[in-house]
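Those letters in the sequence shown? Residues 71 to 480, per the numbering used here, in order.
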Amino acid sequence: MIAHATGAGRESMIPFTLTSPETGNALRSDTPHSLRDAETGARWPVLDGIPYLRIGREALIAEVLAHLDEEAPGNGREKALVALLADQDDWWTGPPADPADLAALVHGREEATLRDAVRLLGWGRVGDYFLHRWSDPTYLAGLALLEAHWNEPACVFEFACGIGHYLRALQRHGAKVAGADVVFAKLWVARHWVVGEKAQLVCFDAGSPHWPVSGAPVDLVVCNDAFYFLDDKAGLLECLRQNAGDDGWLALSHIHNSDRPGFSAGRAVSAEDIEELFPDALVYDDAELTRALVETRAPAPRLPAEIRSCEAFSVVAGPGMRPAPRSVVDGLSLPREGTQLRLNPLYVPDGAGAYAIRWPSERYEQEYAAQVTYPMRSPGPEALDWVGPPSAPEADRVRRREFVDLPERW
71 MIAHATGAGR
81 ESMIPFTLTS
91 PETGNALRSD
101 TPHSLRDAET
111 GARWPVLDGI
121 PYLRIGREAL
131 IAEVLAHLDE
141 EAPGNGREKA
151 LVALLADQDD
161 WWTGPPADPA
171 DLAALVHGRE
181 EATLRDAVRL
191 LGWGRVGDYF
201 LHRWSDPTYL
211 AGLALLEAHW
221 NEPACVFEFA
231 CGIGHYLRAL
241 QRHGAKVAGA
251 DVVFAKLWVA
261 RHWVVGEKAQ
271 LVCFDAGSPH
281 WPVSGAPVDL
291 VVCNDAFYFL
301 DDKAGLLECL
311 RQNAGDDGWL
321 ALSHIHNSDR
331 PGFSAGRAVS
341 AEDIEELFPD
351 ALVYDDAELT
361 RALVETRAPA
371 PRLPAEIRSC
381 EAFSVVAGPG
391 MRPAPRSVVD
401 GLSLPREGTQ
411 LRLNPLYVPD
421 GAGAYAIRWP
431 SERYEQEYAA
441 QVTYPMRSPG
451 PEALDWVGPP
461 SAPEADRVRR
471 REFVDLPERW
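Shown next, in the form of structure tokens:
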């Protein structure tokens with residue numbers, strides 16, 4: 071299993087098997103806070119049900135395990151968390167997090183908001199994207215891709231899940247969810263502020279000698295706004311296809327186009343790369359998916375060569391996908407009935423009884439202003455009880471993300 075659970079907890083989990091990213095040997099629980107390689111005896115830490123399986127972090131792992139093995143487990147656990155929360159991926163260019171801020175977050179996590187967590191983790195502009203992703207046009211494109219090919223998947227695995235935006239939406243529509251990311255802090259934030267205890271989470275490197283998540287295949291494998299970062303894309307794709315098995319399907323959205331320079335780092339792909347990597351796929355222009363969600367219609371797939379100028383590609387592939395897209399009317403594109411929505415937090419009072427958009431940063435504005443679906447001004451109110459149905463008068467405002475379904479402690 072990805073996370074420790076007993077009784078009813080196991081029934082809500084995907085029967086994954088964890089193996090060592092170094093040897094491929096099975097991992098077994100040896101304490102409540104660690105896993106052990108069944109053959110070599112090497113140990114890996116587990117904190118808040120999140121196994122930390124990164125390679126090339128031997129000193130950090132030794133430090134964390136030493137803290138967790140202390141006789142005073144409460145104090146040791148906080149020290150271990152501070153150490154892991156400081157760990158970043160190789161693309162990170164910002165300053166290291168302040169250890170005092172991390173300690174304050176760990177100590178006060180029960181009262182802290184998601185905004186507090188992002189600030190104390192020192193995520194800067196990356197934090198802006200996480201806090202407002204629920205209304206980003208690229209996030210909506212991913213939702214539209216999933217909804218257009220939805221077949222009621224029971225189990226979903228998301229690679230590079232970040233803080234769990236998609237996992238939360240999928241979980242709310244009845245799926246058992248599991249997520250993986252290279253940054254432990256993102257998964258820890260997902261656990262405490264976004265998806266809760268039922269999501270299975272694991273931290274590992276995509277380039278590990280051995281893919282550590284195996285076992286029972288899932289119905290749907292998701293990867294959003296991350297595939298272009300990886301060096302060995304063909305190798306990663308093969309691992310994801312194995313997770314999907316013979317009957318599951320893959321949904322990968324916002325794969326940056328190398329012929330259209332953008333704002334993000336990474337290793338973008340060309341139309342030819344998409345054709346080679348996904349010979350069995352339906353391919354979309356990311357922007358077309360966002361438009362389809364807002365216009366409540368089916369998105370139109372295109373040949374990769376026909377959308378060479380798009381900012382990003384999205385694809386669905388695999389034997390379990392629907393042969394043709396359906397209209398994006400409700401499902402993932404709208405919150406569950408009975409959800410209390412909040413006015414998009416990008417809106418601030420304009421002094422005249424209404425609200426106007428205030429961008430969190432100049433870069434955010436440059437990247438998204440021309441693509442957003444919500445209006446620049448809103449009459450409010452600050453909260454809305456969403457009772458549906460999809461034809462309700464306020465549905466368009468909800469689809470456009472003038473109102474959003476935010477975590478309780480946003």
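For glycine and all other residues, C-beta sits at the position ideal for the given N, C-alpha and C. This one's a predicted model, so the numbers in the text were calculated from it and none came from an experiment.
- According to the DSSP assignment, residue 324 belongs to the beta strand (DSSP E) that extends over 319-326.
- In this structure, the beta-carbon distance from residue 402 to residue 240 falls below 9 Å.
- In summary, residue 452 is exposed, with fewer than 16 beta-carbon neighbours lying within 10 Å of its beta-carbon over all protein chains present.
- Residue state for residue 263 is assigned as helix, using DSSP reduced to three classes.
- Residue environment for residue 228: buried (at least 16 other C-beta atoms within 10 angstroms of its C-beta).
- Annotation: residue 243 to residue 226 spans about 11 Å, alpha carbon to alpha carbon.
- In this chain, residue 417 is not harboured by any alpha helix (DSSP H); it is covered by the beta strand (DSSP E) spanning 417-419.
- Pairing residue 380 with residue 357 gives a Cβ-Cβ distance under 9 Å.
- Taking the Cα positions, residue 471 is about 7 Å away from residue 414.
- The stretch 244-263 makes contact with the stretch 177-195: 3 or more CB pairs, one atom from each, lie closer than 8 Å.
- Taking 3 residues as the shortest admissible run, the stretch 368-443 contains the following complete beta strand (DSSP E) segments, listed from N- to C-terminal end: 382-387, 409-413, 417-419 and 425-427.
- Residue 273 holds the alpha-carbon nearest to the alpha-carbon of residue 117 among 273, 202 and 303.
- Apart from sequence neighbours up to five positions away, the residues of its chain that approach residue 133 with a beta-carbon distance below 6 Å are 153, ordered along the chain.
- Just measuring C-alpha positions, the residue of 462, 416 and 434 sitting nearest residue 444 is 416.
- The Cβ atoms of residue 203 and residue 232 sit closer than 9 Å to each other.
- Spanning the alpha carbons of residue 315 and residue 425 requires a straight line of approximately 48 Å.
- Between residue 312 and residue 86 a beta carbon distance of about 12 Å is seen, past the 8 Å cut, so the two are scored as non-contacting.
- Inter-segment contact for the stretch 290-307 and the stretch 318-328 is present: three or more beta-carbon pairs are separated by less than 8 Å.
- Per DSSP, residue 313 is one residue of the alpha helix (DSSP H) stretching across 303-314.
- In this structure residue 418 is exposed. Its beta-carbon is surrounded by fewer than 16 other beta-carbon atoms within 10 angstroms.
- Here DSSP, grouped into helix, strand and coil, assigns residue 258 to helix.
- Across the structure, residue 430 and residue 198 are spaced so that their CA atoms are roughly 6 Å apart.
- Excluding five sequence positions before and after residue 245, the CB atoms of its chain that fall closer than 6 Å to its own CB belong to 223 and 226, given in chain order.
- According to DSSP, residue 293 shares a beta bridge with 229 and 322.
- Within the DSSP secondary-structure output, residue 246 pairs in a beta bridge with 225.
- Taking 8 Å as the upper bound for CB-CB distance, residue 476 and residue 282 are not in contact here, some 32 Å apart.
- Taking 9 Å as the cut-off, the Cβ atoms of residue 207 and residue 360 count as close.
- For residue 171, the CB contacts under 7 Å within the same chain, skipping 5 residues up- and downstream, are 190 and 192 in chain order.
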